[in-house]
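Visitor: Protein chains in written order, with our numbering: chain B, 3 to 265; chain X, -9 to 481. Backbone N, C-alpha and C define an ideal beta-carbon position, used for all residues, glycine too. Shown below is the structure under consideration.
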């Protein structure tokens, strides 16, 4: 089997379970079962048990995974869109435009990112959209650098000149020649960005700045589980295991893809 | 006898790539391995020393000791009795060490004591480098190509080996530098009694300097003997093919196609580049160049690397920057690069040096050749385009089963043919050949040159042939223009 296929399959499996799972379960993530508070795993009706207020742990883990993946996907998408555009323009124009655009990136890099996100949360209140925007606005910086580097590498290749001689305009060269050739690297780095975003989201939620109760995310679940771990270890171990599996699989898939596309 | 190879075989991944190669080298001798690319020259040179991922069989004795089949440690010890020079000195020297540090490291690999400063200075002087004091403290990127190759040779002989193995040591250099390196080898053979195993496709250099030559084809020795005889009067079919492919300065000139009305005139073209950084200092690459090309005329633009010949050609073809002067096409001024319209773009088409890099790796051959048709000949419909692509491939000697191949699956010669087909697609009147044959080996370059000669006759194409190969220029072109340091010095 080619490297990267297994990790990708694992990620796809987890995503599928998070989307379809809640439809099959009798409990929703915020429904409280008063007859089974702090039920241990494998108790009747609750496969993985319940949390401190009697909510089904499996349902909550699936819901949390869905939120985490949605945040990660959206933020990575924002990073891809802004980063690719920014990097391509900087790399293609070169000269002072490039210098100025990349100095902006450097300046943003220098800001303590966590501080900025926390500040946004405090000023505008907690909202999931803000989490998306905040994380995406920071993650595009690396993408912009990667894409700019690729453009610099490609733009003086003779095939770009040959396309110009064949009558292709700037936009045609960008979309037909540059973009397909840097897409591989960009997508590989995108896959490496996703686990980073998952981490950041989990961290923010762990601090209580991310998603709000009763909605949940893997970070919140780990946080809640950590408080109860002496009496109910499953509430920490289950979301923790999902988070770790997701992070490792995404990183492995990203690395495999990068190695194949950007030797 | 310093080095004796007998019945050498090599396999890579179960595939035989070399069989039954035998030769021997005495002190002060030079044996040259010549042949087309893929013939097994480099494998013959490096496989006995365990420097390639190949399984070697047969026998290779260095100063009486068998190299083949001995363990890694023993082989490492024996390898230190030989020195190695590679094709690309830029990549063979470690970029993070000064020349002095690398020489000292090479010097001590056989257990010799750390060399003194004077010894290193003397070593650099021996390989013909001026200012050895300065160079010892310099990093490789500070050196020119010729200096780097000399430094590389100094590293290879620092530990006083008996044998020097040189893999195409001159092919990355231009003509005068090549001659200098070959003279240096001659001197080292005389003064140090060094035996030299030379891999080369520079046939005149081999004929002039080597004692004996081995002609390889497909992993077999097809001809061996006195270098001058083998390369002047080859008896084997492969030998004749190799020798006739190489354009020579003494062969009779073919008749030239007639020249028509003036086509292109460049007046006072100059190009300067902004150096990196905010301060915008500028580098003058081409200064005040005048150039005229007529219908059906082929003009060679020759000069050293860095003389500005490619830059001038690109400025004329509206594919590079131009900061002064004007270019006229049949008397009317050509618009600047950014304002070239379809009708103008069609007239001048380029072919570049590196065939693999000039084709978009993600596109198929059919898409690549169709691109200029799509943009520059919008009157054609899809069916006519497909038809035209097939005719073009046929014209450059490629069968239609190449249509769906991608550049990575093409050899250098095939890729260059695709690039030529693409350049011919919009029916240009002037072809810019930017070192179009320099990256290919002798045989393939010869065939591409033949293709260009044929096109010159059948299509009455004008050509601007940028090259540093004077013999190829002589074969293809009506006249030659020389450039030096950004100026046209001779016409």
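Check whether chain B comes within 9 angstroms of residue 348(X), counting only Cβ atoms and requiring the distance to be less than that.
Guide: yes
Visitor: So does the segment 120 to 139 of chain B actually touch the segment 77 to 96 of chain B, counting three or more Cβ pairs closer than 8 angstroms?
Guide: yes
Visitor: Are the beta-carbon atoms of residue 423(X) and residue 379(X) separated by less than 9 angstroms?
Guide: no
Visitor: So the alpha helix (DSSP H) residue 300(X) belongs to, where does it begin and stop?
Guide: 299 to 306
Visitor: Residues of chain B with CB under 7 angstroms from residue 366(X), in chain order?
Guide: 168, 169
Visitor: Determine the burial state of residue 36(B): buried for a count of at least 16 other Cβ atoms within 10 Å of its Cβ, exposed for fewer.
Guide: exposed
Visitor: Is there at least one Cβ from chain B nearer than 9 angstroms to residue 325(X)'s Cβ?
Guide: no
Visitor: Who are the neighbours of residue 309(X) on chain C, taking C-beta pairs under 7 angstroms?
Guide: This model lacks chain C altogether, as its protein chains are B and X.
Visitor: Which residues does DSSP pair with residue 260(X) in a beta bridge?
Guide: 314(X)
Visitor: If we cut at 9 angstroms on Cβ distances, does residue 179(B) have a partner in chain X?
Guide: yes
Visitor: Could you tell me which residues DSSP pairs with residue 261(B) in its beta bridges?
Guide: Residue 261(B) pairs with nothing; no bridge assigned.
Visitor: For a quick check, are the C-beta atoms of residue 26(X) and residue 38(X) less than 9 angstroms apart?
Guide: no
Visitor: Return yes when the Cβ of residue 8(X) is within less than 9 angstroms of the Cβ of residue 33(X), no when it is not.
Guide: yes
Visitor: For my contact list, residue 305(X) and residue 478(X) are in at a C-beta cut-off of 8 angstroms; report their separation, rounded to the angstrom.
Guide: At roughly 13 angstroms, the Cβ-Cβ gap does not stay under 8 angstroms, so residue 305(X) and residue 478(X) are not in contact.
Visitor: Quick check on residue 265(B): buried or exposed, where buried means 16 or more other Cβ atoms within 10 Å of its Cβ?
Guide: Because residue 265(B) carries a pLDDT of 43, less than 50, the predicted location of this residue cannot be relied on, and the following value inherits that uncertainty. Note on residue 265(B): under 16 other CB atoms within 10 angstroms of its CB, so exposed under the neighbour-count rule.
Visitor: Please say whether residue 200(X) and residue 184(X) have beta carbons closer to each other than 9 angstroms?
Guide: no
Visitor: In chain B, which residues lie with their C-beta within 8 angstroms of the C-beta of residue 342(X)?
Guide: 160, 163, 164
Visitor: Could you check the C-alpha separation between residue 374(X) and residue 381(X) for me, to the nearest Å?
Guide: 11 angstroms
Visitor: Against chain X, with Cβ distances strictly below 9 angstroms, would residue 92(B) count as a contact?
Guide: no
Visitor: Where do the ends of the alpha helix (DSSP H) carrying residue 22(B) lie?
Guide: 7 to 26
Visitor: In this structure, does DSSP put residue 294(X) in helix, strand or coil?
Guide: coil
Visitor: Classify residue 31(B): buried if its beta carbon has 16 or more other beta carbons within 10 angstroms, exposed otherwise.
Guide: buried
Visitor: Report the neighbours of residue 552(X) on chain B: residues whose CB is nearer than 8 angstroms to its CB, in chain order.
Guide: A query on residue 552(X) cannot be resolved here, the shown segment of chain X reaching from -9 to 481 and no further.
Visitor: For the putative contact between residue 13(B) and residue 252(B), defined by C-beta atoms under 8 angstroms, what is the C-beta separation to the nearest angstrom?
Guide: Residue 13(B) to residue 252(B), Cβ: 6 angstroms. Contact.
Visitor: To the nearest angstrom, how far is it from the Cα of residue 135(X) to the Cα of residue 214(X)?
Guide: 32 angstroms
Visitor: Please name the residues in the segment 146 to 157 of chain B whose beta-carbon is closer than 9 angstroms to at least one beta-carbon of chain X, in chain order.
Guide: none
Visitor: Provide the residue span of the beta strand (DSSP E) that contains residue 424(X), from first to last.
Guide: 420 to 424 is the span of the beta strand (DSSP E), which, as asked, contains residue 424(X).
Visitor: Taking the alpha carbon of residue 418(X) as the reference point, which residue from 318(X), 170(X), 286(X), 329(X) has its own alpha carbon closest?
Guide: 286(X)
Visitor: Starting from residue 332(X), find everything on chain B with Cβ-Cβ shorter than 9 angstroms and list it in chain order.
Guide: 169
Visitor: Pop quiz: residue 420(X) and residue 254(X) are said to be a contact at Cβ under 8 angstroms. What is the actual Cβ separation, rounded to whole angstroms?
Guide: Rounded, the Cβ-Cβ distance is 6 angstroms, consistent with contact.
Visitor: Does residue 306(X) get closer than 9 angstroms to chain B when you measure Cβ to Cβ?
Guide: no
Visitor: In the DSSP assignment, what residue or residues form a beta bridge with residue 5(X)?
Guide: Per DSSP, the beta bridge partners of residue 5(X) are 2(X).
Visitor: Beta-carbon of residue 404(X) versus every beta-carbon of chain B: anything under 9 angstroms?
Guide: no
Visitor: I want to know whether the segment 318 to 332 of chain X touches the segment 396 to 404 of chain X - three or more CB-CB distances under 8 angstroms.
Guide: No: fewer than three Cβ pairs fall under 8 angstroms.
Visitor: What are the boundary residues of the alpha helix (DSSP H) that includes residue 171(X)?
Guide: 165 to 182
Visitor: Could you tell me the distance, in whole angstroms, from the CA atom of residue 227(B) to the CA atom of residue 42(X)?
Guide: 57 angstroms
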